[in-house]
Amino acid sequence: MINPSPAVRRASAVGLALAACLTASPSMATAAPAGATGKNGAGAGLDRYYQQNLSWGSCVEGPDDTMGRDLDKAGVQCAEVTVPLDYADPRGRTITVAISRLKATDTRHRIGAILLNEGGPGSPALFSPPTAREGMKKVGPRYDIIGFDPRFVGRSTPLDCGWPVGTNLLSAGLSRASFERQVAFQKNLADKCRATSSSLLPHASTRNTARDMDVIRGALGERKISYLGYSYGTYLGTVYTQMFPGRYDRMVLDGAIDPRRFGPQLLRDVVGENEQALADWATWAAQRDNAYGLGRTRAEVLATIDRIVAASARGPLTVGTAPETFRLDDTQVPFLLLNAMADDTDPERAFLGEQLSILAKAAAGQPTRLSPQFTALLRLLLTGETRNGSPQTAIICGDKAAPRDPEVYWQDIERNRAKYPRFAPLTNNISPCAFWDRPREEPTQIRRDASPLIVSATGDPRTPHTGAVALHGLLPSSKLITLKGANRHAIYASYGNTCVDNKVNRYLATGKLPANDRTCVKQAR
């Protein structure tokens, strides 16, 4: 996930990034660009989508669009791609997908176009090309770098369920009563989404996003397209290889997911990694007790965290000073912890120390003062827009059905609470998917070999390394780069590991996978 700042990057990893919406439509054309054809598995009657002309122009949307102005200054152009809402009915309603392009500057050695996906699902990538080019080093100028906001996300045709703030990812809390409140709350979210967006929900899925990607490829005039996907984007890329074999060139999948595990209960797979990452952080914090006052040993720091959660269960903790204060209960505090586990760099570890020091004061009834960084994070997580949370949930629920019986979730929580006390009530909690309509398509089966370059850290707390190993096993022609010793999600072009970056950039430059799997080690900082 290549995002503007560490705090926003980590939140975006779980589908909380903010973006604007745009619903205008581009013109359609009749002259087919090279390599654009509907005869590719996407369905009949799609030629007009593959053959459309794109109207490239400014990325600015209104006088307050600072991010759009930044894209313009970086030389990025924006356009919209028209796609069918329902690929089974290509003559029916259409929607738009917002895309951006940073054209290759080394035109003599141009390789092609590379498409970016930041994960989520539900994370926009329209604003990503400049940062991606910087991370790609010398090979970056040889590509047209294409960002896109997947269907229903950001500036693409929106899906907004009108959910209240603070609904992004909640723990079940410490009691059965708290869990029952979550059941009612999550059911209400599903009902509200169905009431406001019933015409769009059946068409929110990874398979439809993959179809959109292939239309983008065709509209760009590319016979094949390269791809860089992070987190959920690795699953999307894998699905694309199965639906459109022969349509991709170079593919990098960073923070890979076992495609057989993707679905509403995917978070259950990461509970152990996050508990371990928190324990590692507690050791780090104990060595800095003078700074944070959370305890002198790992056990003492974890006990302080448990006391904070217990206090928030008795009554929401109030932090900040008037006129801006925030209230956090035991359904929200665990998410702050989870949000911090995806980055093991010292600045991010220090930021969590700051957060917990403030929460410990609040739990003791003491007044607190928030830094601008902590204030910004709480705004994002508790009072920020939830527009992108709607498509995230819709895609996850639209890909695979979830168990319907709330008791299944409660039993999972109780079975895992003793071993994983801080995160089991969150990762095993019920979600709106338990009350969602059944998916229109079956999950994608991995029946074809493919040859991506897979990147994974052994301590990744978002997409466990076991998922990358599993994907590598499903795709025998792939190669795996393993980063040892890092509790970090998303490595390439964002973590500063020279070994990983050099190997990926060499592949992007030459198109040749390493002869064998490779291992890198975490660099001293």
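In mature numbering (1 follows the signal peptide of the UniProt record, and there is no 0), the protein residues as written are -31 to -1, 1 to 494. Glycine included, each C-beta is placed from N, C-alpha and C at the ideal position.
Sequence-distant residues of the same chain with beta carbon closer than 6 Å to A251, five excluded per side: R267, V270 and L271
Buried versus exposed, by CB contacts within 10 Å (16 or more), S144: Counting Cβ neighbours within 10 Å, S144 comes out exposed, since fewer than 16 surround it.
Y217 in three-state terms, based on DSSP: strand
G142 - partner residues in DSSP beta bridges: DSSP output for G142 lists no bridge partner at all.
Bridge partner(s) assigned by DSSP for C489: L452
Close-in-space but distant-in-sequence residues of the same chain around G367 (CB under 6 Å, 5 per side omitted): Correct list, in chain order: A173, S174 and P408.
Completely contained beta strand (DSSP E) runs for the stretch 287 to 339, where each covers 3 or more residues: 293 to 297
For A67: DSSP bridge partner residues: E49
Extent of the continuous alpha helix (DSSP H) to which N398 belongs: That residue, N398, is in no alpha helix (DSSP H); it is neither H nor E in DSSP.
Span separating the alpha-carbon of T51 from that of A254: 50 Å
Nearest candidate by alpha-carbon position, reference R475, set M220, I382 and E30: For R475, the nearest C-alpha among the options comes from M220.
Check whether I423 and A225 have beta carbons under 8 Å apart: yes
Where V122 falls: helix, strand or coil (DSSP): coil
L84 (DSSP reduced to helix, strand or coil): strand
Nearest candidate by alpha-carbon position, reference N456, set L482, S425 and L477: S425
Candidates K453, A459 and N397: closest to R237 by CA position: N397
Length of the line joining the Cα atoms of V152 and L449: Straight-line measurement puts the Cα of L449 at about 40 Å from the Cα of V152.
Inter-stretch contact at 8 Å, needing at least 3 Cβ pairs: the stretch 63 to 82 / the stretch 27 to 47: In short, these stretches touch, since the Cβ pair count reaches three.
Whole-Å CB distance - R384 paired with A403, under 8 Å assumed: Going by Cβ atoms, the distance from R384 to A403 rounds to 18 Å, so no, they are not a contact pair.
Rounded separation between T287 and G198 - CA only: 38 Å
Length of the line joining the Cα atoms of E317 and A260: 15 Å
Option nearest L205 by Cα separation, candidates E191, G187, D183 and L189: When each option's Cα is compared against that of L205, the closest is D183.
For A101 and R229, the rounded distance between their alpha carbons: 29 Å
Local conformation of S147 per DSSP, three classes: helix
Contact under 8 Å by Cβ, F392 with V240: yes
Rounded straight-line distance, which links the Cα of K453 to that of A437: 13 Å
Option in P133, A291 and I83 with minimal Cα separation from L189: Closest option to L189, judged by alpha-carbon separation, among P133, A291 and I83: I83.
Assumed close pair F304, L247 - CB separation to whole angstroms, cut-off 8 Å: Actually they do not touch by this definition, with Cβ atoms about 13 Å apart.
C-alpha gap between P430 and A319, whole angstroms: 18 Å
Element boundaries [beta strand (DSSP E), containing S195]: I194 to Y199
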